[in-house]
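Worksheet: the structure to be examined is printed underneath.
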Amino acid sequence: MAVEASDKPHVSDGFDDDDDGPIIFRRNTTSKRNVEGSNAATSNARGSSLQKGTIIASRMMLPKESSGGFSRASTSHVKAYLVNSAIANSKSPLGGKPKPSLERKIPSGVKVENSSVMRLTKDNCEDSEDELDNKPLSARLKVNSNNANKATLAVVKRSSEDSDNVDDDDDIPLSARLKNYNVGTSTSSKYDNSDRKKPISKVQKGPQDGSNASIKQERPSTLLVKRPLDNTDSLHSAIKKPKFSVLDASISDKKVPMKPEPKVEEEEDDDDDIPFSQRMKKLSESSSLKKSKNVIKVNKAGLSFKKQATTFKKFSNNSEYSKSTKILPSSGDGQKKWTTLVHNGVIFPPPYQPHGVKMLYKGKPVVLTPEQEEVATMFAVMRDTDYMQKDKFKENFWTDWRKLLGKNHVIQNLDDCDFTPIYEWCQSEKEKKKQMSSEEKKALKEERAKLEEKYMWAIVDGVKEKVGNFRVEPPGLFRGRGEHPKMGKLKRRIRPNDIVINIGKDAPIPECPIPGESWKDIRHDNTVTWLAFWNDPINPKLFKYVFLAASSSLKGQSDKEKYEKARMLKDYIGNIRAAYTRDFTCRDITKQQIAVATYLIDKLALRAGNEKDDDEADTVGCCTLKIENVTPEAPNKLQFNFLGKDSIKYENTVEVELPVYNAILKFQKDKQPGDDLFDMLDTSKLNAHLKELMPGLTAKVFRTFNASITLDDMLNKDTKDGDVAEKIVVYNHANKQVAIICNHQRSVSKSHTAQMSRLTEKIDELQAVLNELKTDLDRTRKGKPPLKSSDGKTKKNLNPEALEKKIAQTTTKIQKMQRDMNAKEDLKTVALGTSKINYLDPRITVAWCKRHEVPIEKIFNKSLLAKFAWAMDVDPDFRF
DNA sequence: GTCGTGACTTGCTTCGAACTGT
DNA sequence: ACAGTTCGAAGCAAGTCACGAC
């Protein structure tokens, strides 16, 4: 049974008893509601400008990414960013000046022209080296490492824009810098920080302590027993990433990944049995140890911001990760995710309640059965969406609805249907609901909560954990994104006999909530984390899973591993870049394509790009780029234009290394539009190759790596002394750059234009007031009375000091409004949340907050604090 | 090596409550 | 009190990637 000392859900405990005052969350984005002329269905048509040219600002100009910039690191990142920032954000929010919308102001071309790009003056993948192509990359890299200095890489002197920022090794020949990487360890990498200087094998031997660890141990558990984050092998081995967890074994035979350090200590063997996650933990803990001096220092500083410390404590305290001393039994199979699992299954949406409102067919009311009416209502309520403009949507709806109507039904075509009565009925119902008193609303909410309470929690190995999506999806019309061929199809009602339950062997099987029906199947599979699933009614070969919530330890554990893997890439990235640069001119076309694809994934943070079926929207990623998605522009630019995930448009023109440019020309030769650019490549080949370079490396790791390293660099470069608000501006700016790198877009709020004009009006009004005040001041100084106000009233005769004060206040107000307006415009198509939730290592944020005395709740909202509980006790000196 | 399946992460929109300014 | 706005949470679609069968 769960160990439970409180009735309260543990997740919220940290908030409910907040005695430190209210937690205020703010964000400077515009409303996400109401999409300007578009919604999901038209996402491909929107926001294309976001990407346009902005990548360059943040990534394309990064010298480290150029052919030779392998050893370049964080500072270069930031430097490049700053240069671009100057270009792209001539009126940056940091500067507080009016800043027009990104896309309008920054034609990609301009940015490219301004970018400082290091070029290969000579290709370093000589034909003579082709003999190496048959050797494993890692082996080749060894050669490469020795040859790196000889590699005929040269750096074109960086352009003047960033010359004043040039950092120490900018002038060091690239070859020399490369050497650092090739020699191996992080000591040579500028990405490195001290806590990464030991190879995994070494670090794990260290004492498991670190200041954080000791703090954890001292803390008694007050609520539930929590699962430790790096809880021995049971949990870790449970994480289904065998390639990662068992990396030692898997890589030791033939294909040895590049090593961040050349020398492997004897102890390594001993660690082979230790799960990767655990080793990673030790790795970071060892860093805590090393930094203990600093910790003390920071702790001292911390006294001045007790409240902040309390927040961190509260979250790490409440975190399952920091409390438990419980060791889960070892699974032995390396796959076990849990030992005991208890939950109550899922809750179903209420049955359909017919409203009896008659729709019209050829102007006449039609009687429908409840089933037919239900589907008609689904269609009626979509009247205001863009789906109604899509023939495919209507066609699919009609096909499915007609099946319900039957061939001989009076309704014979959709065009003659008028759903207005139903639509209006729905609107009035909505309105009624809106008009309910707050007491009524509260009562309803409580009733619902009471009904759902038992489904909200699961007990995993004795720990009460929140369940994520315990509600079965209600029936509806499928809202595929982009030009999805199945949009409009009926998503039928899911019944208990569609649902497979996964639960512990000894746990009671959840009672089926619908009398007379039963579950499809009961499983006791502890190698997976799902609690239930059903087949997607739209695409039966896909599944809909019920998982634990993001705040659960299982999710937290895998989150942490994800970031550790990305951090690990930091130690390998130099060699990896050297390797793919070498292969840009390989004779082996597959290798050449792998090299170019990896380059694009690294440089542009593209997704891998799996193959897609015909019954899905036509979107692409790196491996599935089509000929027409990339347009070469002589001498060495590539113009990208494609629909990516969720049919979000990716538009970007970038300057690339000449060998890459030439390779793209070669890949396009003799192909037609519609043909694959990388015809020899797919994601499995690419990932198999990446795994040779670093254990567990896949294409998506590059995205996490690039996002997190960018945040880390920018925060550390740009944070200046100042008040919290200014620091938050820095954070949001970095967050925005990451969102741009990852092409995280959102649709423009429907009310955006109206909001902007309202703000403009207000600013104009204030400006008029300001002018009046200035005139009055002028007159007062000359001994004249103030002019009458615009409405003809006589104004009070103020003294010059009072007028000056008023002028200052008004000016400040105008400036603030202008700042808000600029921020709103600036972020109207940029979604900051996605990167925060998925790509930015929370420890970067937490450590930065600690270092700069920024309350963490200014950056993370309640759910993020819960999700990232595992990161709360990070060393303030943590660097990604 | 390819393909299909399964499990999980990522990503955008929507909903509705809370907040803010008047 | 009200309207407009912000924001967290939920919803669910759409990706990635591993693995096993053939």
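Heads up: the first sequence begins at 1 in the UniProt record's numbering, then just goes up one per residue.
In this text, a Cβ means the ideal position worked out from N, Cα and C, and glycines have one as well.
- Per DSSP, reduced to three states, the secondary structure at residue 512 is coil, with no helix or strand assignment.
- Beyond the five residues adjoining it in sequence on each side, residue 660 comes within less than 7 Å, by CB distance, of 584, 596, 599 in the same chain, given in chain order.
- Assigned with DSSP and collapsed to three states, residue 638 falls in strand.
- Boundaries of the alpha helix (DSSP H) around residue 667: 658-668.
- Among the bridge pairs identified by DSSP, residue 534 is matched with 544.
- The residues 707, 710, 711, 835, 839, 840, in chain order, have a CB closer than 7 Å to that of residue 738 in the same chain once the five nearest residues on each side in sequence are set aside.
- Taking C-beta atoms as the reference points, residue 867 and residue 566 fail to come closer than 7 Å.
- Counting along the chain, residue 693 sits inside no beta strand (DSSP E); it lies in the alpha helix (DSSP H) bounded by residues 683-693.
- When DSSP reads this structure, residue 347 sits in a beta bridge with 471.
- Residue 617 is positioned such that its CB atom lies no closer than 7 Å to that of residue 772.
- Rounded to the nearest angstrom, the gap between the Cα atoms of residue 377 and residue 422 is 6 Å.
- When C-alpha distances from residue 751 are compared across 815, 828, 797, 729, the shortest belongs to 828.
- Distances from the CA of residue 340 to each of 704, 347, 507, 679 were compared; the closest alpha carbon is that of 507.
- DSSP places residue 523 in no alpha helix (DSSP H) but in the uninterrupted beta strand (DSSP E) bounded by 521-523.
- The beta carbon of residue 728 lies closer than 6 Å to those of 858 in the same chain, with the five residues before and after it left out.
- In the three-state scheme derived from DSSP, where H, G and I count as helix and E and B as strand, residue 718 is classed as helix.
- In the three-state reduction of the DSSP assignment, residue 390 falls in the coil class.
- The Cβ-Cβ distance between residue 394 and residue 414 falls below 7 Å.
- In terms of Cβ geometry, residue 526 and residue 337 form a close pair [threshold 7 Å].
- Here the stretch 604-620 lies against the stretch 478-494, with 3 or more beta-carbon pairs under 8 Å apart.
- Here residue 374 carries a helix assignment [DSSP, helix/strand/coil].
- Under the three-state reduction of DSSP output, residue 476 falls in the strand class.
- The alpha-carbon of residue 369 is positioned some 23 Å away from that of residue 473.
- Taking C-alpha positions only, residue 650 is separated from residue 643 by approximately 6 Å.
- Spanning the alpha carbons of residue 541 and residue 601 requires a straight line of approximately 29 Å.
- Around the beta carbon of residue 612, fewer than 16 other beta carbons lie within 10 angstroms, which makes this residue exposed.
- Note on geometry: alpha-carbon atoms of residue 399 and residue 406 lie some 11 Å from one another.
- If you draw a 10 Å sphere on the C-beta of residue 373, you find 16 or more other C-beta atoms in it, and that means buried.
- Counting every other CB atom within 10 Å of its CB across the protein chains shown gives residue 388 a total below 16, marking it as exposed.
- Taken through DSSP and simplified to helix, strand or coil, residue 338 comes out as coil.
- A distance of 7 Å or more separates the beta carbons of residue 780 and residue 788.
- Using a 10 angstroms sphere on the CB of residue 652, the tally of other CB atoms reaches 16 or more, which defines it as buried.
- Counted as a single uninterrupted DSSP element, the beta strand (DSSP E) harbouring residue 632 occupies residues 630-633.
- Comparing alpha-carbon positions, the option among 462, 439, 469, 516 lying closest to residue 453 turns out to be 469.
- Between residue 476 and residue 725, the alpha-carbon positions lie close to 44 Å from each other.
- Annotation: residue 573 to residue 832 spans about 26 Å, alpha carbon to alpha carbon.
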